[in-house]
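Residue numbers (the numbering used here): 3 to 289.
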Amino acid sequence: MATLIDGKAQAAALRERIGIDTATLVDQTGVRPGLAVVIVGDDPASQVYVRNKGKQAEAAGFNSYTHRLTDDTSEDALKALIGELNADTDVHGILVQLPLPEQIDEQSVINTIAAEKDVDGFHIENVGRLSLGLPGFVPCTPLGCLKMIRNTGLELAGMEAVIVGRSNIVGKPMAALLLAQNCTVTIAHSRTYDLPAVCRRADILVAAVGRPGLIKGDWIKPGAIVIDVGINRITDVDGRNRLTGDVDFEAASEHAGHITPVPGGVGPMTIACLLANTLQAAQLAAT
Ligand code: NDP
Numbered sequence: 003m004a005t006l007i008d009g010k011a012q013a014a015a016l017r018e019r020i021g022i023d024t025a026t027l028v029d030q031t032g033v034r035p036g037l038a039v040v041i042v043g044d045d046p047a048s049q050v051y052v053r054n055k056g057k058q059a060e061a062a063g064f065n066s067y068t069h070r071l072t073d074d075t076s077e078d079a080l081k082a083l084i085g086e087l088n089a090d091t092d093v094h095g096i097l098v099q100l101p102l103p104e105q106i107d108e109q110s111v112i113n114t115i116a117a118e119k120d121v122d123g124f125h126i127e128n129v130g131r132l133s134l135g136l137p138g139f140v141p142c143t144p145l146g147c148l149k150m151i152r153n154t155g156l157e158l159a160g161m162e163a164v165i166v167g168r169s170n171i172v173g174k175p176m177a178a179l180l181l182a183q184n185c186t187v188t189i190a191h192s193r194t195y196d197l198p199a200v201c202r203r204a205d206i207l208v209a210a211v212g213r214p215g216l217i218k219g220d221w222i223k224p225g226a227i228v229i230d231v232g233i234n235r236i237t238d239v240d241g242r243n244r245l246t247g248d249v250d251f252e253a254a255s256e257h258a259g260h261i262t263p264v265p266g267g268v269g270p271m272t273i274a275c276l277l278a279n280t281l282q283a284a285q286l287a288a289t
């Protein structure tokens, strides 16, 4: 039976350390980390994420600024706001909540964020830095996954890592991070032949697909580390809504060595890593 990777507890421990380091930074330099979150439109899920980010930033001792724009906002107006935030010395991290309305080009907007304030790690400069193995901001979800994988205490070098999903925000940066840990990395996707056979090779399996229960129990190599990034809203037979991952958790737990639950796994670590990146941005600005 697998050991549960408790993302909630690991995130709480990380936030506690961030709170302590924030107090030290304020004491020693007078600089208090500031996180600005920009949300365009009124997507209910995005509103919940933005509220949580603001609350957790304040709990860590940060200044938190939320900018709410209507969904008819133009790309130019959004870029003008980002220009102001780039120039604001109280703001160390800028996050533009995705997705953006269709009249706005997401990557173009993200590239107007100053790279040293791009705490989401999506700016083309930070993407390039990760790819080259240079220091920079790493996207929060794969960063949180890596921390949980490392916290198993296992030697990662030489392990076979399989990532299912090749998005720019999860799959590709996850691959770069595991390659940097000297894993042998495979990225699988919707066109992969024989996905079960590819997954069965994995000492580390990261599922970032968005398909409830896609990864079956007998696809898991005995003892593997299984990280389930998927967040899927499903309706139970009794009509109740609940969140579930991309992995058939019960069946996979019979084979895995370590496994994350959904909810309570990757999600909480993602926000904690956003705070870690923002603190790092403030520390760099203070030096
Ligand atoms: P995307 O939709 O951008 O990418 C999904 C990937 O899965 C694509 O590469 C796609 O392949 C692949 N895929 C789709 N169907 C299959 C299949 N049947 N077999 C193999 N591969 C398949 O998703 P994201 O990366 O943005 O998100 C993935 C999941 O993670 C979602 O559930 C999302 O909600 C969740 N998520 C959770 C976060 C957290 O904090 N916990 C943060 C971000 C995302 P192809 O490229 O060929 O189309």
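Ideal placement from N, C-alpha and C gives every residue a C-beta, glycine not left out.
A distance below 8 Å separates the beta carbons of Asp-230 and Gly-267. Counting only residues of its own chain and dropping the five nearest sequence neighbours on each side, Glu-127 has a CB closer than 6 Å to the CB of Ala-117. For the pair Glu-162 and Thr-194, the CB atoms are not nearer than the 8 Å cut-off. Annotation: the continuous alpha helix (DSSP H) that includes Arg-53 extends over 46-61. Relative to Gly-259, the option among Leu-276, Arg-242, Thr-154, Leu-179 whose CA is nearest is Thr-154. Not one heavy atom of ligand 1 is found less than 7 Å from the C-beta of Ile-217.
With a threshold of 7 Å, the Cβ atom of Leu-16 does not count as near ligand 1, since no heavy atom of the ligand is closer than that.
Cβ-Cβ distances below 6 Å link Ile-7 to Met-150, His-260, Thr-262 in the same chain, with the five nearest sequence neighbours on each side left out; the list follows chain order. Bounds of the beta strand (DSSP E) holding Val-40 are 36-42.
Taking Pro-175 as reference, the option from Asp-107, Glu-108, Leu-281, Leu-134 with the minimal CA-CA separation is Leu-134. Within 10 angstroms of the beta-carbon of Ile-84 lie 16 or more other beta-carbons, which makes it buried.
Of the residues assessed, Asp-44 falls on the exposed side of the cut-off, its CB having fewer than 16 other CB atoms within 10 angstroms.
With a 10 Å radius around the Cβ and a threshold of 16 neighbouring Cβ atoms, Thr-289 comes out exposed. DSSP, read as helix, strand or coil, puts Leu-286 in helix.
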